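Engineer: To convert, take the position in the sequence shown, counting from 1, and add 3; that gives the numbering used here. Think of the CB as a built atom: it goes at the ideal place given N, C-alpha and C, for glycine as much as any other residue. These numbers come from a predicted model, not from an experiment. Handing you a structure now.
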Amino acid sequence: MTRNRILVPAFFLLAATAPLIAEEAADQPKNVPATREEVKQALNNLRHRKPRLPLPAPTEEELKAARERAAAGGGAGGLGGGLVNNARMRALHLPEEPKTNTGFRPQANPQEGFSPSEKQVFQFTRKLTVAPQLIVDSDISRLREHFSDSEVAEIVHRVTTAAFFDRLTEAAGLQLED
4 MTRNRILVPA
14 FFLLAATAPL
24 IAEEAADQPK
34 NVPATREEVK
44 QALNNLRHRK
54 PRLPLPAPTE
64 EELKAARERA
74 AAGGGAGGLG
84 GGLVNNARMR
94 ALHLPEEPKT
104 NTGFRPQANP
114 QEGFSPSEKQ
124 VFQFTRKLTV
134 APQLIVDSDI
144 SRLREHFSDS
154 EVAEIVHRVT
164 TAAFFDRLTE
174 AAGLQLED
């Protein structure tokens, strides 16, 4: 009798999850955008996809609060407007040298002007985000040349938290805000 109490629910649980297990996993991971244009295209595609977890429609109160924030500049003290259109509004205040007709001229070396410690963090962050299984002790040792143990732990924590939420929202199919 006790055996049946355990086996019957286990059978139903297995039967309910069998279709989920039967789904095939993707053979290859999604491509990581390498250029600015690929990143922009990937982000644009995320804005218009169908969410896997649909959110309820906003209430009238939420819509009213959003309109009030938009009218007040989002509480950013006027800074929010410069972020529109890939920061073209802020480009008006830059010297002519870094500007082009589309906004900004990309740097030949995007890491130019950063300290060696910052460059090391960029390398580590990219590796930890794109291929975390490839992190080895020497990667941590190179960070320890520039940072204390607690700072290294904080870098790892922040990068992995951001990557977790990125993967979570990707898996849930959540739309990005327009």
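Tell me, please, whether the region 126 to 140 touches the region 157 to 168 by the rule of three or more beta-carbon pairs shorter than 8 Å.
Structural biologist: Enough Cβ pairs lie closer than 8 Å, so yes.
Engineer: Just to confirm the assignment: which complete beta strand (DSSP E) runs, minimum length 3, are found wholly within the region 142 to 168?
Structural biologist: Qualifying beta strand (DSSP E) stretches: none in this window.
Engineer: Please classify Ser120: does DSSP put it in a helix, a strand, or coil?
Structural biologist: Note: Ser120 maps to helix in three-state DSSP.
Engineer: Compute the Euclidean distance between the alpha carbons of Val124 and Leu146, then round it to the nearest angstrom.
Structural biologist: Taking the straight line from one Cα to the other gives about 7 Å.
Engineer: State yes or no: is the beta carbon of Pro61 nearer than 8 Å to at least one beta carbon in chain D?
Structural biologist: Absence of chain D from the displayed structure is noted, only one protein chain being present.
Engineer: Can you give me the Cβ contacts of Ile143 inside the same chain, cut-off strictly under 6 Å, excluding the 5 residues immediately before and after it?
Structural biologist: Result list for Ile143: empty, nothing under 6 Å.
Engineer: Roughly how many angstroms lie between the CA atoms of Lys43 and Asp152, to the nearest whole one?
Structural biologist: Rounded to whole angstroms, Lys43 to Asp152 spans 35 Å at the Cα level.
Engineer: Skipping 5 residues on each side, what residues in its chain have a beta carbon closer than 6 Å to that of Gly116?
Structural biologist: Excluding residues within five positions, none has a Cβ falling inside 6 Å.
Engineer: With H, G and I counted as helix, E and B as strand and the rest as coil, what does DSSP make of Ala37?
Structural biologist: If DSSP states are grouped into helix, strand and coil, Ala37 belongs with coil.
Engineer: Rounded to whole angstroms, what's the CA-CA distance from Thr62 to Ala69? Just pull it up for me.
Structural biologist: If I take the Cα positions, the gap works out to 11 Å.
Engineer: For Pro36, which residues in the same chain have their Cβ closer than 8 Å to its Cβ, ignoring the five residues on either side in sequence?
Structural biologist: Hits under 8 Å: Val42, Gln44, Ala45.
Engineer: From this set, Glu65, Phe150, Ala165, Pro135, which residue's C-alpha is nearest Ser118's C-alpha?
Structural biologist: It is Phe150 whose Cα lies nearest to the Cα of Ser118.
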